[in-house]
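Worksheet: one structure, shown below.
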Amino acid sequence: MRILLPLPDRDFDVTEVAVPWKLLTDLGHEVVIATEHGDGPPAADPLLITGVLFGQLGAESEPKEFYRQLTDASAFRHPLAWADLEPEAYDGLILPGGHAPGMRQYLGSDVLREKIAEFWRLDRPVGAICHGVLTLARTNDPATGRGLLADRRTTCLPAYMERTAYYLTAWRRGRYYRTYPAYVQDEVVAALNDPAQFERGPLELWRRGTATDDAPAFVVQDGRYLSARWPGDAYLFARRFAEMLT
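Per this note's numbering: the sequence shown ends with 352, consecutive numbering throughout.
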């Protein structure tokens with residue numbers, strides 16, 4: 107199947123992009139990359155490769171290797187443009203996250219939201235992780251005027267995670283972990299009909315799910331919509347999304 111993976115030109119999360127790409131392509135699916143103008147390969151947040159503080163708080167070694175492989179892929183080196191996308195040509199849509207400033211290009215795009223709304227109406231699998239959930243929270247269905255997530259159960263980056271990362275690093279990285287003044291969770295919850303539709307998941311700050319251990323990971327599936335909290339959920343998120351494609 108063909109999976110659409112839109113990205114900003116820079117600063118997306120290494121793990122949230124590379125892990126789904128790797129697992130889905132290994133299963134034989136085609137993952138199509140799209141950027142705003144399609145004018146060259148995008149780039150992940152460099153601090154997640156080198157480490158945010160003293161070489162720590164970045165991506166793990168396996169996702170970084172997946173990202174290295176991704177940068178060699180033709181679909182990555184020659185992305186499509188958001189405006190040229192035809193949503194009906196894809197069987198699934200994945201909306202990854204990231205928190206560095208370059209993500210605002212993707213999280214705030216009217217063009218991308220229009221394409222997302224078109225795809226949502228097709229009732230095909232949509233997966234969003236971390237800040238990627240904001241793209242759905244900010245998108246309305248033109249036919250109804252209602253938000254896409256209004257009646258859905260969902261998770262996203264919990265406020266306690268975002269707050270902790272900011273407090274730990276602000277002395278060195280400033281507002282690096284605060285993409286917007288509002289916490290991601292607050293904006294997502296505001297888009298729901300009922301705050302009880304938001305599922306925070308178990309408290310977790312350090313442990314991450316892996317290729318062989320989903321114990322620390324958490325996702326929420328509501329029909330054809332799948333959401334996850336942070337890079338630590340990426341492996342489970344990718345596997346669950348692959349199941350939805352069948």
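Beta carbons: idealized from backbone N, C-alpha and C, even for Gly.
Close beta carbons around residue i, own chain, < 6 Å, minus the five adjacent residues each side
i    : result
L111 : V137, I139 and I200
G233 : I200, L332 and F347
M107 : H135, D197 and L351
G144 : P185, L186 and A187
V123 : P202
G253 : N246 and A297
Beta-bridge pairing of residue i - partner residues as DSSP gives them
i    : result
V325 : A334
F304 : T260
A150 : F118
K186 : At residue 186 the sequence reads Leu, which differs from the Lys that was named. Note: L186 sits in a beta bridge opposite A140.
I109 : V137 and G198
L159 : Q162
G214 : BP columns for G214 are empty, so no partner.
G253 : N246
Spatial distance of residue i from residue j (CA atoms)
i    : j    : result
A256 : Y286 : 21 Å
Q175 : T261 : 29 Å
L263 : P193 : 26 Å
A165 : L154 : 5 Å
W277 : R269 : 14 Å
Y173 : F182 : 10 Å
E293 : L240 : 7 Å
L133 : Q327 : 21 Å
Q303 : V290 : 15 Å
Secondary structure of residue i, DSSP reduced to three states
i    : result
Y165 : Just to set this straight, residue 165 is Ala in the shown sequence, not Tyr. In this structure, A165 counts as coil in the three-state DSSP scheme.
A206 : coil
R116 : strand
A340 : helix
T285 : coil
A317 : coil
A296 : helix
A223 : helix
A234 : strand
W312 : coil
T352 : coil
E192 : coil
Residue i, enclosing alpha helix (DSSP H) - first and last residue
i    : result
L130 : V120 to D132
T270 : A265 to R279
Beta carbon proximity, residue i to chain B, threshold 7 Å
i    : result
D216 : Judged by its chain identifiers, the structure shown contains no chain B, having just a single protein chain.
Same chain only: Cβ atoms within 7 Å of residue i, ignoring 5 sequence neighbours per side
i    : result
L130 : I109, V137, A344 and A348
W102 : One cannot answer for residue 102 here, as it falls past the ends of the chain, which runs 107 to 352.
E310 : P322 and G338
Residues near residue i by beta carbon distance below 8 Å, same chain, minus five either side
i    : result
R227 : D247 and A249
G315 : A321, P322, A323, G338, D339, A340, Y341 and L342
First and last residue of the uninterrupted beta strand (DSSP E) at residue i
i    : result
L201 : G198 to L201
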